[in-house]
Amino acid sequence: MAFTCSQKADFSVIEADQELTIFNVAECAEATKPVLAAKTDKVLLDLTAVQDFDSAGLQLVLWLLQQMIKADREFSLILGDNDVITQVFNLYQIPEDFADHSGSQAEH
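Every letter in the sequence shown is one number past the one before it in UniProt numbering, and letter 74, counting from 1, is 74.
Shown next as structure tokens:
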């Protein structure tokens, strides 16, 4: 499975393994459904282990962020020192902290 979802205390963690590309993005989106339904206050998306990332993977990350904003939930993206993710973000001129959402619509 490309995504592993787990519940920790009052937050959910979505961990991506090696690939987040056009070839598995539909499977990854399906795997996030339990997290979206869980209604935890905070969701962490961990992309530190990703070794292959393309624009379809980026679209999934943006979609997850949009879902969290709609639900007024906190969302954090964990990249570590992942050069693969950084290269795609740089290509699309996306700052690495774009996905940090505090869950408060009043701040945006």
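Beta carbons are placed, not taken as given, at the ideal position from N, Cα and C, and that holds for glycine. Values in this document were obtained by computation on a predicted structure and should not be read as measured data.
So the candidates are T21, K42 and A31; which of them puts its Cα closest to the Cα of K8? Translated into the one-based positions of the sequence shown, residue 8 becomes position 8. Ranked by Cα distance from K8, the first of T21, K42 and A31 is K42.
- Do L45 and V61 come within 9 Å of each other at the CB atom, strictly closer than that value? Walking along the sequence shown from the start, residue 61 turns up at place 61. Walking along the sequence shown from the start, residue 45 turns up at place 45. Yes.
In whole angstroms, give me the CA-to-CA distance for S55 and Q87. The residue labelled residue 55 in the question sits at position 55 within the sequence shown. The residue labelled residue 87 in the question sits at position 87 within the sequence shown. Roughly 11 Å between the two C-alpha positions.
Report task. Measure the CB-CB distance between V50 and A29 and report whether it falls below 9 Å. Result -> Numbered from its first residue, the sequence shown carries residue 50 at position 50. Numbered from its first residue, the sequence shown carries residue 29 at position 29. It is not a contact, given that the beta carbons lie outside the stated cut-off.
**Prompt:** Do you know offhand how far D10's Cα is from E96's?
**Reply:** Sequence index remark: in the sequence shown, residue 10 carries index 10 (1-based). Sequence index remark: in the sequence shown, residue 96 carries index 96 (1-based). For D10 and E96, the gap between their C-alpha atoms comes out near 25 Å.
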